[in-house]
Amino acid sequence: MHRRNFFAGLAGLSALGWTAAPLRAKGTMSGAMDNMTGMADMPAMNGMDAPTLRLASARAIPMGGPLQPPRVLQNETSEAGKFRATLVAAPTRMQLVPGQTTEVWSYNDSFPGPLLELTAGDDVEITLHNRLSQATTIHWHGLPVPPDQDGNPSDAVPPGGSRVYRFTLPTDISGLYWYHPHPHKQSAEQVYRGLAGPILVRAKDDPLAALPERVLAITDLRLTADGAIPANDMMDWMNGREGQFVLVNGQHRPMLVFDANGQERWRILNATNARYLRLQLPGHSLALVGTDGGPLERAQMGLREILVAPAQRVDVVVHATGQRMSPSPLLAAPYNRGKMGGAAEDAPVQLLDVIFSTVRAASRPTLPPILRTWPQWPAAAVQKRVVMSESASTTKGQQEMQFLMNGKLFAMDRVDLTSEMGVTEEWTIVNDSDMDHPFHIHGTQFLVVEREISGRIRKESFRALYDTVNLKSQETVRIKIVQTMKGIRMFHCHLLEHEDLGMMGRLNVI
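For the sequence shown, the residue numbers in mature numbering (1 follows the signal peptide of the UniProt record, and there is no 0) are -20 to -1, 1 to 490.
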């Protein structure tokens, strides 16, 4: 039963303990959550009341300061080709709103987490100290690290514990990646409280190295009027959490000074739980030069907007045309992802304000014609099919709702799919639901071959590597993928609330 029909049917069921009501509804939600399969044992859900929460005003966090680069994690060794560092995950209090302090969860007291700046081929050793009250892991999102070093939910570090992660980067890797926790049923909370940070892997022969560069880590944050970060409510578990503040490098709508006819390279990370970023810079052109897996073969020029789903990254060269002068906002325009329960779709958000420093005659953007050379991918030897779906029904006055991967909820002790190391496979990924879902797989990057919706097939117009791909409602995406290391890999929806509720599977690479 598709949940749009399910929610329509709820309108006449006033006797039920749960309705698709927003957070302002009074009454207890515990019975409702217990009946939404997978939600009963979510943190902060059992017995949770839903009184009216008074949220902080839209201007509570000051706006307009100069954009600051992310804090960089210090390399503890001077040995060439090696990176050694320590990350401490712990609660810390920060002043985000004047006159108030907020408890966030952070790495090394940095919000968001510090930037790991690595070079292709590096030997990496990161020590994690867990000072949280929950078990945690670090997942190196997008990096091809060994399965036993990838922060899988089966390998959680207990409160008070420590863990050393060790891996060697390939020599041909580059781009923007990120790190975040991956404990089952607690990933969403740990990320929305602040545990996430960017990873920049530099190539030794980057054709765009001469361009001025910025790393923009985009997160969002929900605050109550007294400066607290509230727990997820029912609508968050259904749709994925969005906070009322969208931050860039931890700042609220900062200012960025830009040469009015210059070019800059912006490496952008969507580190939110569930917010889609339909990026626009009105009056100026964008060139897409990289995605999750690093540089494209050729820049995609003259774009007016770029959609960045949760967990995705884009590498963009911004060319200021001079057609619109200071200030010009970088916007996250509205995007309809099919939220359930009558939730409002995204409103436009001004992420930052671009202030132009000079005015000159318009110039033409210039980029190298070839950014990267790829060998031809071999034909797929194996076919696999993955279906993401939602199940919503009522039985004897009880409501059940599930987010499923191939018709099942996640189980830590079950292998869902098996692949052979080094074999090229074609995966057909189906979104058999009424809302968008971003699909992510660990340990490798993949090539999107084509998309199909309503019987119409569209080939991808350019080659790019991804570890996360968005699927619209009832859309099918076909990818080519190769796993290069043996072990268990996760694949899941990257709306983190849905991942925690069980929209995840385990792949055994043999």
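The C-beta atom is built at its ideal place from N, Cα and C for all residues, glycine as well. Keep in mind it's a predicted model, so treat the numbers as computed, not measured.
Work out the CA separation of H121 and L108 for me, nearest whole Å. Residue 108 sits at position 128 when you count from the first residue of the sequence shown. Residue 121 sits at position 141 when you count from the first residue of the sequence shown. Their backbone Cα atoms lie some 16 Å apart in a straight line.
Which stretch, first to last residue, makes up the beta strand (DSSP E) that contains N219? As a working note, residue 219 is residue 239 in the sequence shown. Per DSSP, N219 belongs to no beta strand (DSSP E); it is in the alpha helix (DSSP H), 214 to 219.
To the nearest angstrom, how far is it from the Cα of L332 to the Cα of L311? Residue 332 sits at position 352 when you count from the first residue of the sequence shown. Residue 311 sits at position 331 when you count from the first residue of the sequence shown. Cα to Cα, the separation comes out at about 8 Å.
Three CB pairs or more closer than 8 Å across the stretch 149 to 156 and the stretch 66 to 74: no
Name the residue from L268, E430, M74, Y256 whose alpha carbon lies nearest to the alpha carbon of V298. For this step, residue 298 is matched to residue 318 along the sequence shown. With distances taken between Cα atoms, V298 lies closest to L268.
Should H420 and M368 be called a contact, given that it needs their Cβ atoms to be closer than 7 Å? Looking up residue 420 in the sequence shown gives position 440. Looking up residue 368 in the sequence shown gives position 388. No. Outside cutoff.
Alpha carbon of I41 to alpha carbon of V52, nearest angstrom: Within the sequence shown, numbered from 1, the residue matching residue 41 stands at position 61. Within the sequence shown, numbered from 1, the residue matching residue 52 stands at position 72. Cα to Cα, I41 sits roughly 24 Å from V52.
Tell me whether the beta-carbon of D326 lies closer than 7 Å to the beta-carbon of T252. For the purposes of this step, residue 326 is taken as the residue at position 346 of the sequence shown. For the purposes of this step, residue 252 is taken as the residue at position 272 of the sequence shown. Not a contact, by the Cβ cut-off of 7 Å.
Mind checking P49: buried by the 16 CB within 10 Å criterion, or exposed? The sequence position of residue 49 within the sequence shown is 69, counting from 1. With fewer than 16 other Cβ atoms within 10 Å, it is exposed.
Runs of 3 residues minimum, wholly inside the stretch 350 to 399: which ones carry the beta strand (DSSP E) assignment? 362 to 375, 378 to 385, 397 to 399
Cutting at 6 Å between CB atoms, please list the residues of its own chain near L(-8), excluding the five before and the five after it. Taking the sequence shown and counting its residues from 1, the one referred to as residue -8 is at position 13. Low confidence applies to L(-8): its pLDDT is 31, below 50, so where it sits in the model is not reliable, and the reading given next is rough at best. Closer than 6 Å at Cβ, skipping near neighbours: no residue.
Rounded to the nearest angstrom, what separates K62 and M281 at their Cα positions? Within the sequence shown, residue 62 is the residue found at index 82, counting from 1. Within the sequence shown, residue 281 is the residue found at index 301, counting from 1. Distance between the alpha carbons of K62 and M281: 36 Å.
CA-to-CA distance, Y256 to S90, given in whole angstroms: Against the sequence shown, residue 90 aligns to sequence position 110. Against the sequence shown, residue 256 aligns to sequence position 276. Distance between the alpha carbons of S90 and Y256: 24 Å.
Spell out whether any CB of chain B is found under 7 Å from the CB atom of N229. Chain labels in this structure do not include chain B; a single protein chain is all it has.
Taking just the CA atoms, how far does H472 sit from M401? Translated into the one-based positions of the sequence shown, residue 401 becomes position 421. Translated into the one-based positions of the sequence shown, residue 472 becomes position 492. The alpha-carbon atoms of M401 and H472 are separated by roughly 20 Å.
Please tell me whether V228 and L196 are closer than 7 Å, where the distance is taken between their beta carbons. By one-based count along the sequence shown, residue 228 stands at place 248. By one-based count along the sequence shown, residue 196 stands at place 216. Yes, these two residues count as a Cβ contact at 7 Å.
P23 - DSSP class collapsed to helix/strand/coil: In the sequence shown, the residue the question calls residue 23 occupies position 43. Per-residue confidence for P23 stands at a pLDDT of 46, beneath the threshold of 50, marking its modelled position as unreliable; no derived number is given.
Taking its Cβ as the centre, do 16 or more other Cβ atoms sit within 10 Å of V470, making it buried, or is it exposed? Along the sequence shown, one-based indexing puts residue 470 at 490. Note that residue 470 is Met in the sequence shown, not Val. Buried, since its Cβ has 16 or more Cβ neighbours within 10 Å.
A372 vs M385 beta-carbon contact at 7 Å: Here residue 372 corresponds to residue number 392 of the sequence shown, with the count starting at 1. Here residue 385 corresponds to residue number 405 of the sequence shown, with the count starting at 1. No, Cβ-Cβ distance for A372 and M385 is not below 7 Å.
Closest Cα partner of I248 within the set L95, P46, T82, N212: Locating residue 248 in the sequence shown gives position 268, counting from the first residue. For the residues L95, P46, T82, N212, the minimum Cα distance to I248 belongs to L95.
Among all the DSSP beta bridges, which residues are the ones paired with S86? Walking along the sequence shown from the start, residue 86 turns up at place 106. Partner(s): A70.
Is the CB-CB distance between A444 and L191 below 7 Å? Reading the sequence shown from its first residue, position 464 is the one you call residue 444. Reading the sequence shown from its first residue, position 211 is the one you call residue 191. Their beta carbons are not under 7 Å apart, which means A444 does not touch L191 by this criterion.
Count the other CB atoms, across all protein chains shown, that sit within 10 Å of the CB of D216; report buried if there are 16 or more and exposed otherwise. Here residue 216 corresponds to residue number 236 of the sequence shown, with the count starting at 1. It counts as buried.
Closest by CA to residue 550, which one among A361, E406, N488? The structure shown does not extend to residue 550, since the chain spans only -20 to 490, so no value can be given for it.
With respect to the alpha helix (DSSP H) encompassing Q170, which residues constitute its N-terminal and C-terminal limits? Your numbering for residue 170 matches position 190 in the sequence shown. Here the alpha helix (DSSP H) through Q170 covers 167 to 172.
Taking the alpha carbon of R39 as the point to measure from, which residue in R458, A168, Q224, A100 has its own alpha carbon closest? Numbered from 1 along the sequence shown, position 59 holds the residue referred to as residue 39. Out of R458, A168, Q224, A100, Q224 has the C-alpha closest to the C-alpha of R39.
Closest Cα partner of D393 within the set P133, E59, N55, P78: Here the question's residue 393 lines up with position 413 in the sequence shown. Answer by Cα proximity: P133.
Along the beta strand (DSSP E) that carries E193, what are the first and last residues, could you check? The residue you call residue 193 lines up with position 213 of the sequence shown. Element bounds for E193: 193 to 201.
What does DSSP give as the partner residues of V429 in its beta bridges? Here residue 429 corresponds to residue number 449 of the sequence shown, with the count starting at 1. According to DSSP, V429 bridges with nothing at all.
C-alpha distance - G93 paired with I118, whole-angstrom precision: Sequence index remark: in the sequence shown, residue 93 carries index 113 (1-based). Sequence index remark: in the sequence shown, residue 118 carries index 138 (1-based). Roughly 12 Å between the two C-alpha positions.
Report yes if the C-beta distance between S154 and A100 is below 7 Å; otherwise report no. For the purposes of this step, residue 154 is taken as residue 174 along the sequence shown, with counting starting at 1. For the purposes of this step, residue 100 is taken as residue 120 along the sequence shown, with counting starting at 1. Yes, the pair counts as a contact, with Cβ atoms nearer than the cut-off.
Note down the Cα distance separating F(-15) from S453, rounded to an integer number of angstroms. Residue mapping note: residue -15 aligns to position 6 of the sequence shown, counting from 1. Residue mapping note: residue 453 aligns to position 473 of the sequence shown, counting from 1. Summary for F(-15): the model assigns pLDDT 44, below 50, so the residue's position carries little reliability; its value from the coordinates is reported in the next sentence. Each residue's alpha carbon lies about 16 Å from the other.
Based on the DSSP secondary-structure assignment, which residues constitute the bridge partners of F336? Here residue 336 refers to the residue found at position 356 of the sequence shown. Its beta-bridge partners are F238.
Quick check: what's the CA-CA separation for A360 versus M43? Your numbering for residue 360 matches position 380 in the sequence shown. Your numbering for residue 43 matches position 63 in the sequence shown. Cα to Cα, A360 sits roughly 50 Å from M43.
Where does D103 sit, in a helix, a strand or coil, going by DSSP? On the sequence shown, residue 103 is found 123 positions in, with the first residue counted as 1. It is a strand residue.
Reducing DSSP to helix, strand and coil, say where S134 ends up. By 1-based counting over the sequence shown, the position of residue 134 is 154. Three-state DSSP puts S134 in a helix.
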